[in-house]
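Going down the list, the protein sequences come from chains Z and V.
Everything in the first sequence is counted per this note's numbering, starting at 1 for the first residue and increasing by one.
Everything in the second sequence is counted per this note's numbering, starting at 214 for the first residue and increasing by one.
Taking it in order: structure first as structure tokens, then the write-up.
2 protein chains.
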Amino acid sequence: MLDADINQTHKLIDRPASQRKIADILAAARVEFFANGFSAATIEAIAARAQVSKVTIYSRFKDKDNLFGQVVRAECADMRKNFTVENLENKSLRDVLLHAALGMLDFLMRDEMIRFERILAAEVTRDPKIGERFLDNGPRRLLQDLTNLLQLSLEKGEIKSDDIVASAEMFPGLVMGRMDLFMRYGHKVKLSAADKQKRAKRAVDAWILIHQP
Amino acid sequence: MLDADINQTHKLIDRPASQRKIADILAAARVEFFANGFSAATIEAIAARAQVSKVTIYSRFKDKDNLFGQVVRAECADMRKNFTVENLENKSLRDVLLHAALGMLDFLMRDEMIRFERILAAEVTRDPKIGERFLDNGPRRLLQDLTNLLQLSLEKGEIKSDDIVASAEMFPGLVMGRMDLFMRYGHKVKLSAADKQKRAKRAVDAWILIHQP
DNA sequence: TTTTATTTGTACGATAGCGTTCATTTTGCT
DNA sequence: AGCAAAATGAACGCTATCGTACAAATAAAA
Numbered sequence: 001m002l003d004a005d006i007n008q009t010h011k012l013i014d015r016p017a018s019q020r021k022i023a024d025i026l027a028a029a030r031v032e033f034f035a036n037g038f039s040a041a042t043i044e045a046i047a048a049r050a051q052v053s054k055v056t057i058y059s060r061f062k063d064k065d066n067l068f069g070q071v072v073r074a075e076c077a078d079m080r081k082n083f084t085v086e087n088l089e090n091k092s093l094r095d096v097l098l099h100a101a102l103g104m105l106d107f108l109m110r111d112e113m114i115r116f117e118r119i120l121a122a123e124v125t126r127d128p129k130i131g132e133r134f135l136d137n138g139p140r141r142l143l144q145d146l147t148n149l150l151q152l153s154l155e156k157g158e159i160k161s162d163d164i165v166a167s168a169e170m171f172p173g174l175v176m177g178r179m180d181l182f183m184r185y186g187h188k189v190k191l192s193a194a195d196k197q198k199r200a201k202r203a204v205d206a207w208i209l210i211h212q213p
Numbered sequence: 214m215l216d217a218d219i220n221q222t223h224k225l226i227d228r229p230a231s232q233r234k235i236a237d238i239l240a241a242a243r244v245e246f247f248a249n250g251f252s253a254a255t256i257e258a259i260a261a262r263a264q265v266s267k268v269t270i271y272s273r274f275k276d277k278d279n280l281f282g283q284v285v286r287a288e289c290a291d292m293r294k295n296f297t298v299e300n301l302e303n304k305s306l307r308d309v310l311l312h313a314a315l316g317m318l319d320f321l322m323r324d325e326m327i328r329f330e331r332i333l334a335a336e337v338t339r340d341p342k343i344g345e346r347f348l349d350n351g352p353r354r355l356l357q358d359l360t361n362l363l364q365l366s367l368e369k370g371e372i373k374s375d376d377i378v379a380s381a382e383m384f385p386g387l388v389m390g391r392m393d394l395f396m397r398y399g400h401k402v403k404l405s406a407a408d409k410q411k412r413a414k415r416a417v418d419a420w421i422l423i424h425q426p
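Dropping the structure here:
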């Protein structure tokens with residue numbers, strides 16, 4: 001699962017049909033891995049789903065580990081793309097936080113994300129690097145963005161905080177509460193748009209109250 | 214993994230040696246399952262670790278699923294035993310919350326708990342009931358105890374809240390922040406006793422500030 | 001059309017793990 | 001000591017999956 005393993009194909013040429021097949025394989029692998037976990041997912045099932053022969057998979061990916069690693073890599077890249085905190089340019093801190101809170105609720109409550117986190121948790125023991133990649137692209141990145149945002153706000157005197165990192169970390173905790181836990185171990189939790197609004201507002205109000213100058 | 218499956222032994226007699234072996238098997242199974250996950254853990258490895266023959270395991274437990282279920286059951290019972298919120302009898306709300314926060318930090322940050330949650334997450338898809346059992350004995354129970362506590366405090370006029378359940382859920386979120394996430398997917402996070410104190414105090418102060426009458 | 005790259009299906013070897021059978025041995029009770 | 005219950009070890013059948021080999025078929029490129 002080294003970075004050098006991204007592309008196993010040294011002799012194979014990138015024909016358009018091949019590219020499409022690779023994408024199909026990754027998509028199929030994603031479904032199978034997320035549904036069954038690493039151990040229980042099978043290469044044959046992935047091949048069948050991708051409508052590709054098993055040999056094709058092995059000609060494009062070194063082995064099952066490598067395929068899983070690339071699925072995670074793709075998923076993390078996607079996460080990174082869709083999960084950002086906007087800056088303060090024209091908006092009030094409250095509005096930015098509200099937007100971020102709603103974004104978190106939308107993004108983290110998707111079934112796909114929940115399944116992804118379930119599978120990932122199990123594989124961290126097998127390959128810790130995979131967990132680190134997830135953290136770097138998701139939680140740590142969010143935390144860093146939030147910290148930067150709050151640092152600016154602090155310098156403007158809009159808020160007070162004796163530990164800006166702790167304040168940043170507190171925010172997602174306030175927004176999600178124990179919801180992520182209930183989602184990971186229990187039934188699907190469905191929140192209406194209104195409920196999300198309410199939850200986001202409650203978290204932002206609380207955070208701002210705590211950090212009032 | 215039905216409740217009726219707790220004891221598979223209808224003909225076997227509970228000799229003291231047998232009891233000890235059952236305990237050994239459960240302990241060994243716990244280690245193997247937590248270290249490798251359900252699929253990757255093997256009965257033979259469990260037997261070897263428990264210093265017991267494979268046949269003995271099968272004479273006491275129906276199959277691998279049943280063994281895993283009982284390990285989870287035992288773990289949940291242990292959790293329930295060790296994880297309580299004291300009541301308000303003689304103490305101030307602040308002290309009770311502080312105590313609860315420290316208890317949470319100690320309990321949830323143990324390596325064992327982290328590994329347990331990792332494994333469990335993966336198995337929820339395979340057997341949702343196992344996740345429910347965990348929630349009932351852990352998070353839901355805590356939430357209920359907290360809610361009861363806060364309801365009392367509310368009636369005494371010590372705090373204000375328009376949604377006592379939301380207020381209760383907010384508390385663990387405030388205490389743990391994203392730490393549980395970083396622990397689940399990343400390196401071991403070690404907090405000194407002083408750091409735990411600091412974190413607990415910060416969370417309690419924040420929660421009380423938010424709910425000041 | 002010819003050539004080359006790629007894919008496919010099928011078969012195969014190797015490994016591993018589950019769960020069972022059974023003859024033998026050990027244990028604990030009386 | 002004698003007896004019944006329980007544990008052991010070794011072997012076995014079975015199934016599943018990984019990863020590979022190879023000849024045939026197909027697709028792209030020249």
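For every residue, glycine included, the Cβ atom is placed at its ideal position computed from N, Cα and C.
By the criterion of a C-beta distance shorter than 7 angstroms, residue 359 of chain V is surrounded in its chain by 298, 381, 384, once the five residues flanking it on both sides are discounted. Burial check for residue 368 of chain V: the Cβ neighbour count within 10 Å stays below 16, so the residue is exposed. Residues of the segment 246-271 of chain V with a C-beta atom less than 9 angstroms from some C-beta of chain Z are 247, 248, 249, 250, 251, 252, 253, listed in chain order.
Within chain V, the residues placing a beta-carbon under 9 angstroms from that of residue 124 of chain Z are 331, 397, 398, 399, ordered along the chain.
In this chain, residue 390 of chain V is not harboured by any alpha helix (DSSP H), its DSSP state being neither H nor E.
The segment 123-131 of chain Z makes no contact with the segment 193-201 of chain Z: fewer than 3 CB pairs, one atom from each, lie closer than 8 angstroms. Taking 7 angstroms as the CB threshold, residue 121 of chain Z lines the interface with chain V.
Of the other Cβ atoms in all chains shown, fewer than 16 fall within 10 Å of the Cβ of residue 370 of chain V; this residue is therefore exposed. For residue 162 of chain Z, the closest alpha carbon among the candidates Z/212, Z/66, Z/62 is that of Z/212. For residue 104 of chain Z and residue 296 of chain V, the gap between their C-alpha atoms comes out near 30 angstroms. Judged by DSSP in its simplified three-state form, residue 186 of chain Z adopts coil rather than helix or strand. Residue 363 of chain V sits in a helix when the DSSP states are folded into three classes. Excluding sequence positions up to five before and after residue 177 of chain Z, its CB lies less than 6 angstroms from no other CB in the same chain. By a beta-carbon distance limit of 8 angstroms, residue 356 of chain V does not contact residue 377 of chain V. Their separation comes to about 11 angstroms.
From the beta-carbon of residue 178 of chain Z, the residues of chain V found nearer than 8 angstroms are 352, 356, 382, 385, 386. Contact of residue 112 of chain Z with chain V by beta-carbon distance below 8 angstroms is absent, the smallest such distance being about 13 angstroms. Per the coordinates, the alpha-carbon of residue 114 of chain Z lies some 7 angstroms from the alpha-carbon of residue 108 of chain Z. Contact note: residue 344 of chain V reaches chain Z through 185, 186, using a C-beta cutoff of 7 angstroms and chain order. For the options Z/39, Z/62, Z/66, Z/24, the alpha carbon positioned closest to that of residue 47 of chain Z is the one of Z/24. According to the DSSP assignment, residue 344 of chain V belongs to the alpha helix (DSSP H) that extends over 341-350.
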